[in-house]
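Numbering of the sequence shown is given in the working numbering, commencing with residue 46 and proceeding in unit increments. Heads up, the beta-carbon is just placed ideally off N, CA and C, and yes, glycines get one too. Everything on this sheet refers to the single structure shown next.
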Amino acid sequence: MTTHEESVLDWPMPRLCPLLPPDRYAELRSVPPQRVRLDDGTPAWIVSRYQDVREAMMNPAPSVDNTLPGFLQHLPVPPVPRAQSFMRMDPPEHTRLRRTVCRNQWAGLSSVVGAAGADEE
């Protein structure tokens, strides 16, 4: 991956039509991850090929926990510890809460399905 200043793309990219993605997206889907510069000057990466996205999502290093130091805050709002959705938590806390939610959803679903099956008999 090159990091020359002239090869860093600006993000967001200009659109010809507000209802369509930028034309540059088609090109990005055929190249490795690229450096971008956010509108506030912050450096970032854009990952667009399926295999690259899959690898990035499987990598435990990037975090979605916006309470961690260094997390990019696009809006300058200070994070409130633990006042967040479990979708913004990393394992193992995310996994523990997801299992709790899923267990409760399945219990409710099985009672509804069981009641519907009893009505048909």
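Check, Outcome
"Segment contact flag, the region 56-63 with the region 80-92, C-beta cutoff 8 Å, min 3 pairs", "yes"
"Where A106 falls: helix, strand or coil (DSSP)", "coil"
"Cα-Cα separation between D68 and D97, rounded to whole angstroms", "20 Å"
"Chain-order list of residues whose beta-carbon lies under 6 Å from that of P63 (same chain, five-residue window excluded)", "none"
"Three-state secondary structure (DSSP) of D55", "strand"
"Extent of the continuous beta strand (DSSP E) to which R74 belongs", "Careful: R74 lies outside any beta strand (DSSP E) and carries neither H nor E."
"Endpoints, the beta strand (DSSP E) within which P88 is located", "P88 to I91"
"Euclidean distance between Cα positions of M102 and L65", "25 Å"
"Exposure label - M132; buried when at least 16 CB within 10 Å", "exposed"
"Spatial neighbours of N104 in its chain, beta-carbon cut-off 8 Å, leaving aside the 5 residues before and after", "none"
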